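Using the working numbering, the first residue of the sequence shown is number -5, and each one after it goes up by one. Presented below is the structure to which this report refers.
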Amino acid sequence: MKCHACSNLIEGTAKYGSGHFVPEGIVFEFVAVGKVEGAQGRRVKAEVTCTCPNCGVKCKYSV
C-alpha cells in the first residue's frame, strides 16, 4: 500500500492463527470489522493502521 502523505510503498505481511495475527516486516494494527461472503467464500473485512517508515505519518486502510 502507498503512504497517503509521501507515496512511499509500505509492505508487510501477517501470519494468522485462531483469533490473533503476527505481523512481519512492518508493525501495524489489524482490527476486524466484519465478514463478507461472496462467490469465493468467506473473508474478513478489516481496518489496518500503520506508521510510514519514511515520513512517520499514520495511515489507515480498509481491506
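Just so it is clear, CB atoms sit at the ideal spot from N, CA and C, and this is done for glycine as well. All of these numbers come straight from a predicted model, not from anything done at the bench.
Quick one: what does DSSP say A40 is sitting in, helix, strand or coil? Walking along the sequence shown from the start, residue 40 turns up at place 46. Here A40 sits in strand by DSSP.
Three-state secondary structure (DSSP) of S1: Position 7 of the sequence shown, counted from the first residue, corresponds to residue 1. Coil.
Alpha-carbon spacing of V25 relative to H(-2), whole angstroms: To locate residue 25, count along the sequence shown from 1; it is residue 31. To locate residue -2, count along the sequence shown from 1; it is residue 4. Straight-line Cα distance between these residues: approximately 19 Å.
In or out: C44 buried (at least 16 other Cβ within 10 Å) or exposed? Within the sequence shown, the letter at position 50 stands for residue 44. Under the 10 Å beta carbon count, C44 is surrounded by 16 or more other beta carbons and is classified as buried.
Let me confirm a value: C49 is counted as buried when at least 16 other C-beta atoms fall within 10 Å, else exposed. Which label applies? Along the sequence shown, one-based indexing puts residue 49 at 55. So C49 ends up on the exposed side.
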